[in-house]
Structure formats: structure tokens, C-alpha cells
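For the sequence shown, full-length UniProt numbering gives the first residue as 1, with consecutive numbering after it. Take a look at the structure below.
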Amino acid sequence: MVEVGELLLLPGIPAVLHKNTATAIIADLHLGFEDEMAEVGVYLPRRQLTKAIALIEELRNLGAKRLVINGDIKNSFNKLTFQEREEIIKFFGKAKDIYDDVVLVRGNHDNYVSIITEKMDVRLVPHLKLSEHIFIIHGHRESEEALRHKIIIIGHEHPSFNIRDEIGSVLKMPCFLRVPLKSRKKEILVLPAAGFYQSGNPISLSSEGYLSPLIRKYGDINMAVPIVIDTESRDLIEFPPLGAMEGLVRIDAGK
1 MVEVGELLLL PGIPAVLHKN TATAIIADLH LGFEDEMAEV GVYLPRRQLT KAIALIEELR
61 NLGAKRLVIN GDIKNSFNKL TFQEREEIIK FFGKAKDIYD DVVLVRGNHD NYVSIITEKM
121 DVRLVPHLKL SEHIFIIHGH RESEEALRHK IIIIGHEHPS FNIRDEIGSV LKMPCFLRVP
181 LKSRKKEILV LPAAGFYQSG NPISLSSEGY LSPLIRKYGD INMAVPIVID TESRDLIEFP
241 PLGAMEGLVR IDAGK
């Protein structure tokens, strides 16, 4: 395990655990993704929900008593699809069975999800102050309140560490990304996407390569540290800061 203040980054799992409150934090499940892809002619086996439930069961077995989903539980922007409604109800039903508390921090994909959260008594919030030093927000918007905290946990980016060889083959590995803030002893901790089909967007040495305005405006990208999830060995691999790897590893210049 890798410790970041009060947080544990869990080996082989796209999640963090806050020890003091027994809170598991995940992001970017994107339930309903398969039906969205089918609409454009790409037919995928339905795996998102099964994998999501297996993940929260594993986190409960590791001692978590509260579950926080840091945005984008659903995939569609402009509607609540039948698959999304069906799978979110099943997911929340399972989560409420095994956790003392379930919280959804609203992401940019989570339009219309309040129809479900209100009926199932799941808290839907714009952000969450986890402790004196830790603030959870999805990351698609700026937040002055977030910047007052030592650690800001975001999702939104779906970070992955990509290694390209000389013939262009790519090894893509989901990762956490620790991004120090410029001139502040604070950091943004970016969670990998928890969705099975969300393989990740390449991390970059260019601030413009990131989606979150918090990273683009305040992050020190050269000093950002990727911590790769090795799903085969169930381990975490911490790499040097991105700036130190320039010229050694082909890190994408942008998305």
C-alpha cells in the first residue's frame, strides 16, 4: 500500500481508503456505457455493473464502512437511459446493503441521477469535506473551497500511464496521479477510473492535456507522480515525477 497522508492507496484496486473514517472512495464507474456504445454500432458485453459490485464488495471486506463515489456513476450526459436507471438502482441497492453510508459526489455525467438518489435515500452532494485536510470533488469545475485543503481528491481525468516503444506499440496502465499545487504544500490526488471499460486517458507533461481546471490552473505537472496499478501482481508501482522522465519515457504531450 502507498500512504498519502490519512489515505491508503490500495494495491491492485482503483480506490483509496481513508483510515480514520473507514471511507472507501472510487470514481468514474460510467454505468450504462455498453448501451451508449451500442447506439453507435459497438456491441460490448455488459461488464460494468458486475465489476462495480465486485469492487465495492472487496472494499467492504477490507474494512470500509462508508462508500463515496466521486462522480460519474452514469455515462450519458443528456439523459438517464434505461440501462443506467436499471444498473444504478442495482448498484445502490447492493451498496446500501453492505455499507453504513453511501454518498455520490456529483460529476459532469450525473445529470438526472437525482431521480434515483432521492428515491433510494442516497446523499447527492456537489463536494464532500472528508476531514480537516481532505476535500473530495469530481474535478470538472474550479473550487476555491477545495484549494483551502491539503489534499484534494478528484476523478474526471481517467489517468493512465502509457509507455510507447520505438514501433509505436502502447502499454496502457491505469494509475493514480499525485499533482502538487504550484507554490503550495498541497496536492491533488487523481483517482483512476473504476469503470471496467474506462481504460484511461494518457497522462501528459502539458497542462493543456488535462481536463480538470484544477490541474490546468494550479497543478505543477513536472512534479506530478504517477502510481501505476498492476492488476496482475495486485501491486502499486510508483514512478519518478513526470518531468524527470522526459526523454526516457514517451509521455503524451496532450490528449
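Ideal Cβ positions, reconstructed from N, Cα and C, are used throughout, including at glycine.
**OP:** Please report how far the alpha carbon of VAL103 lies from the alpha carbon of GLY195, in whole angstroms.
**Re:** Indexing the sequence shown from 1 puts residue 103 at position 103. Indexing the sequence shown from 1 puts residue 195 at position 195. Going from the Cα of VAL103 to the Cα of GLY195 covers about 17 Å.
Original post:
How many Å lie between ILE98 and LYS65 at the Cα?
Top reply: For the purposes of this step, residue 98 is identified with residue 98 of the sequence shown, where counting begins at 1. For the purposes of this step, residue 65 is identified with residue 65 of the sequence shown, where counting begins at 1. Cα to Cα, ILE98 sits roughly 8 Å from LYS65.
**OP:** Could you say if the stretch 43–51 and the stretch 152–167 meet the contact criterion of at least three C-beta pairs nearer than 8 Å?
**Re:** no
Original post:
Distance, Cα to Cα, ARG172 vs ASP230?
Top reply: Your numbering for residue 172 matches position 172 in the sequence shown. Your numbering for residue 230 matches position 230 in the sequence shown. Note on residue identity: the sequence assigns Lys, not Arg, to residue 172. If I take the Cα positions, the gap works out to 11 Å.
Subject >> Cα-Cα separation, ARG234 to ILE116 >> reply: Within the sequence shown, the letter at position 234 stands for residue 234. Within the sequence shown, the letter at position 116 stands for residue 116. Answer to the nearest angstrom: the Cα atoms are 34 Å apart.
**OP:** Could you spell out the range, first to last residue, of the alpha helix (DSSP H) harbouring ASN61?
**Re:** If you number the sequence shown from 1, residue 61 lands on position 61. Looking at the DSSP string, the run of the alpha helix (DSSP H) that includes ASN61 is 48–61.
Original post:
How many Å lie between LEU214 and GLU39 at the Cα?
Top reply: For the purposes of this step, residue 214 is identified with residue 214 of the sequence shown, where counting begins at 1. For the purposes of this step, residue 39 is identified with residue 39 of the sequence shown, where counting begins at 1. C-alpha separation (whole angstroms): 33 Å.
Original post:
Does the Cβ of SER76 have 16 or more other Cβ atoms within 10 Å, making it buried, or fewer, making it exposed?
Top reply: Start at 1 with the first residue of the sequence shown, and residue 76 comes out as number 76. So SER76 ends up on the buried side.
Subject >> Between the CA atoms of LEU67 and THR23 - distance to the nearest angstrom >> reply: The sequence position of residue 23 within the sequence shown is 23, counting from 1. The sequence position of residue 67 within the sequence shown is 67, counting from 1. Their Cα atoms are separated by approximately 6 Å.
Subject >> Paired residues, beta bridge with VAL16 - DSSP >> reply: Numbered from 1 along the sequence shown, position 16 holds the residue referred to as residue 16. Partner(s): LEU9 and ILE25.
**OP:** Look up LEU177 in the DSSP assignment and say whether it is helix, strand or coil.
**Re:** Residue numbering aside, residue 177 sits at position 177 when the sequence shown is read from its first letter. In the structure shown, LEU177 sits in a strand (DSSP, three-state: E or B).
Subject >> Straight-line gap, LEU128 to VAL105 (C-alpha atoms, nearest Å) >> reply: Looking up residue 128 in the sequence shown gives position 128. Looking up residue 105 in the sequence shown gives position 105. Near 7 Å, if we compare the C-alpha coordinates of VAL105 and LEU128.
Original post:
DSSP state of LYS119, grouped into three classes?
Top reply: As a first step, residue 119 is located in the sequence shown; it is residue number 119 there, counting from the start. Correct three-state label for LYS119: helix.
Original post:
Are three or more beta carbon pairs between the stretch 177–190 and the stretch 214–223 nearer than 8 Å?
Top reply: yes
Original post:
Quick one: what's got a C-beta closer than 8 Å to LEU44's C-beta in the same chain, skipping five residues either side?
Top reply: If you number the sequence shown from 1, residue 44 lands on position 44. For LEU44, where only same-chain residues beyond five positions count, the Cβ hits under 8 Å are PHE33, GLU34, MET37, ALA38 and TYR197.
Original post:
Taking C-alpha atoms, which residue in ARG141, ASP100, LEU211 and LYS74 lies nearest to ASN111?
Top reply: Along the sequence shown, read from residue 1 onward, the residue named residue 111 stands at position 111. Here the closest residue by C-alpha is LYS74.
Original post:
Exposed or buried, GLU145, counting other C-beta atoms within 10 Å across all chains shown (16 or more means buried)?
Top reply: Position 145 of the sequence shown, counted from the start, is the residue given in the question as residue 145. Result: exposed.
Original post:
In angstroms, rounded to a whole number, what distance separates the CA positions of TYR151 and HIS18?
Top reply: Looking up residue 151 in the sequence shown gives position 151. Looking up residue 18 in the sequence shown gives position 18. The sequence shown places Ile at residue 151, not Tyr. If you take the alpha carbons of ILE151 and HIS18, they lie about 12 Å apart.
Original post:
Hey, which unbroken runs of the beta strand (DSSP E) at 3 residues or more fall wholly within the stretch 60–120?
Top reply: 66–70 and 101–105
Original post:
Does the distance from the CB of LEU7 to the CB of LEU59 come in under 9 Å?
Top reply: One-based indexing of the sequence shown puts residue 7 at position 7. One-based indexing of the sequence shown puts residue 59 at position 59. For LEU7 and LEU59, no; Cβs fall outside 9 Å.
Subject >> Residues bridged to VAL40 [DSSP beta-bridge criterion] >> reply: Residue 40 sits at position 40 when you count from the first residue of the sequence shown. Bridge partners of VAL40: none, in fact.
Original post:
Do you know how far the Cα of SER199 is from the Cα of GLU87?
Top reply: Here residue 87 refers to the residue found at position 87 when the sequence shown is read from its first residue. Here residue 199 refers to the residue found at position 199 when the sequence shown is read from its first residue. So the two alpha carbons sit approximately 20 Å from each other.
Original post:
Going by C-alpha distance, which of GLU208, PHE92 and ASP28 is nearest GLU118?
Top reply: Within the sequence shown, numbered from 1, the residue matching residue 118 stands at position 118. Checked all of GLU208, PHE92 and ASP28; the closest Cα to GLU118 is PHE92.
**OP:** Could you check the C-alpha separation between VAL190 and GLY155 for me, to the nearest Å?
**Re:** Residue numbering aside, residue 190 sits at position 190 when the sequence shown is read from its first letter. Residue numbering aside, residue 155 sits at position 155 when the sequence shown is read from its first letter. Rounded to the nearest angstrom, the two C-alpha atoms are 6 Å apart.
Original post:
Rounded to whole angstroms, how far is the Cβ of HIS140 from the Cβ of ASN108, which I believe are closer than 8 Å?
Top reply: In the sequence shown, counting from the first residue as 1, residue 140 sits at position 140. In the sequence shown, counting from the first residue as 1, residue 108 sits at position 108. Right, their Cβ atoms sit about 4 Å apart.
**OP:** Please determine, among GLY12, LEU211, ILE136 and GLN83, the residue with the shortest C-alpha to C-alpha distance to GLU187.
**Re:** If you number the sequence shown from 1, residue 187 lands on position 187. Minimum Cα distance to GLU187 is reached at ILE136.
Original post:
When you compare each of ALA244, PRO226, MET245 and ASP72 to VAL2 by their alpha carbons, which one comes out closest?
Top reply: The residue labelled residue 2 in the question sits at position 2 within the sequence shown. For VAL2, the nearest C-alpha among the options comes from PRO226.
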